[in-house]
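Visitor: Sharing a structure with you now.
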Amino acid sequence: MKLKNPRNAGVFLCSKIFPFGINRNPISLIPVELISGAELPFDMGGHMKRFVTAILCITLIVIGFGGDVESDNVTHKGELMIIEETIKNSIGWALDKDLDLLYSCLAHDDSFFIFNPDPSSIIGFKEFSEMAETVFMNEAFKATGYEVKDLRINLSRSGEVAWYSCFLDDYGEWNGESTSWINCRWTGVLEKRDGNWVITQMHFSFPRERG
């Protein structure tokens, strides 16, 4: 019988070390059915056989699980890169007034929410899109640059939700007069929907100096 991956081979070898049954040792956490019917690929006797088999068992299991950990790390880093790009695109879109890019970053339903630095808030994608097309797409508005600083992104264990915090410098003009935000505190939440990361809520604020 051919074993399809090193982890299964390691489990099989470990089962041969414990003649009283694999289910009575720690390796029992791995399904026994994966190794059903396997035969030792070599013939050694006595204690040497058990020693060599134990070494192979440990090595193969470490290799098997190590590959999974490495794969998970790569996936995690890839998701964080996509999330970071989404966060930055939700601001950077304004440089070219690429409305489609902005909308691709956001949740298109009533769950979308923004706390603005002033007492106002935006509830729902419809309300936001009406504001964006009236204000941001107005000829009087011009975005001139932005910088996202100290960005921290956290990914949930499920891999379906993420949240972030940063400081935002958002440079812009309205009829030539500065409308820039400097060192604005920006936090938000994203959700992975249909394979795409979208922002579901954001909070912008400025720290108040304590008297």
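Going by our numbering, the sequence shown opens with residue 220, and the numbers climb by one from there.
A virtual CB, placed ideally from N, CA and C, is assigned to each residue, including glycine.
Fair warning: this is a prediction, and the values are worked out from it, not measured in the lab.
Does the segment 293-305 come close enough to the segment 406-422 to have 3 or more Cβ pairs within less than 8 Å?
Guide: With the cut-off at 8 Å, the segment 293-305 and the segment 406-422 touch.
Visitor: Do Asn394 and Ala359 count as a contact pair if the criterion is CB distance below 7 Å?
Guide: Yes, these two residues count as a Cβ contact at 7 Å.
Visitor: Quick check: what's the CA-CA separation for Gly407 versus Trp382?
Guide: Whole-angstrom Cα-Cα distance: 6 Å.
Visitor: Expressed to the nearest angstrom, what Euclidean distance is found between the alpha-carbon atoms of Gln420 and Ile333?
Guide: If you take the alpha carbons of Gln420 and Ile333, they lie about 6 Å apart.
Visitor: Between which two residues does the alpha helix (DSSP H) holding Glu366 run?
Guide: Counting along the chain, Glu366 falls outside any alpha helix (DSSP H), though it belongs to the beta strand (DSSP E) covering Phe360 to Leu374.
Visitor: Using three-state DSSP, classify Asn242 as helix, strand or coil.
Guide: The pLDDT assigned to Asn242 is 42, lower than 50, so where the model puts this residue is not dependable, and the model offers no usable value.
Visitor: Ends of the alpha helix (DSSP H) at Lys345?
Guide: Its alpha helix (DSSP H) spans residues Phe344 to Met350.
Visitor: On the premise that Phe355 lies in contact with His327, defined as a C-beta separation below 8 Å, what is that separation, rounded to the nearest angstrom?
Guide: Contact doesn't hold; Cβ gap of about 17 Å is too wide.
Visitor: What is the rounded straight-line gap between the Cα of Glu349 and the Cα of Ile302?
Guide: C-alpha separation (whole angstroms): 25 Å.
Visitor: So the candidates are Ser339, Glu396 and Phe347; which of them puts its Cα closest to the Cα of Thr363?
Guide: Nearest C-alpha to Thr363: Glu396.
Visitor: Can you list, in chain order, the residues of its chain whose CB lies under 8 Å from that of Ala351, leaving out five sequence neighbours each side?
Guide: So the qualifying residues of the chain are Leu318 and Leu321.
Visitor: Under a Cβ-count criterion, where at least 16 other Cβ atoms within 10 Å of its own Cβ denotes burial, should Ser340 be classed as buried or exposed?
Guide: Per the 10 Å Cβ criterion, exposed.
Visitor: Measuring only the C-alpha atoms, how far is Asp315 from Asn292?
Guide: If I take the Cα positions, the gap works out to 34 Å.
Visitor: Which class does Glu410 belong to by DSSP, given the choice of helix, strand or coil?
Guide: Looking at Glu410 - three-state DSSP - the assignment turns out to be strand.
Visitor: So what does Tyr390 bridge to, in DSSP terms?
Guide: Per DSSP, Gly364.
Visitor: Let me check understanding here. Comparing Cα to Cα, which of Phe423, His422, Gly311 and Glu410 lies closest to Tyr365?
Guide: The option with the nearest alpha carbon to Tyr365 is Gly311.
Visitor: Could you have a look at Asn308 and say whether DSSP puts it in helix, strand or coil?
Guide: Helix, per DSSP.
Visitor: Among Arg376, Ser377, Asn357 and Phe386, whose alpha-carbon lies nearest the alpha-carbon of Leu370?
Guide: Nearest C-alpha to Leu370: Phe386.
Visitor: Give the straight-line distance between the Cα atoms of Arg412 and Glu304, rounded to the nearest whole angstrom.
Guide: So the alpha carbons of these two residues sit roughly 16 Å apart.
Visitor: Counting along the chain, where does the beta strand (DSSP E) carrying Ser339 start and finish?
Guide: It is not in any beta strand (DSSP E) - Ser339 carries neither H nor E in the DSSP assignment.
Visitor: Report the residue from Ser375, Ser384, Arg376 and Gly378 whose alpha carbon sits nearest the alpha carbon of Val367.
Guide: With distances taken between Cα atoms, Val367 lies closest to Ser384.
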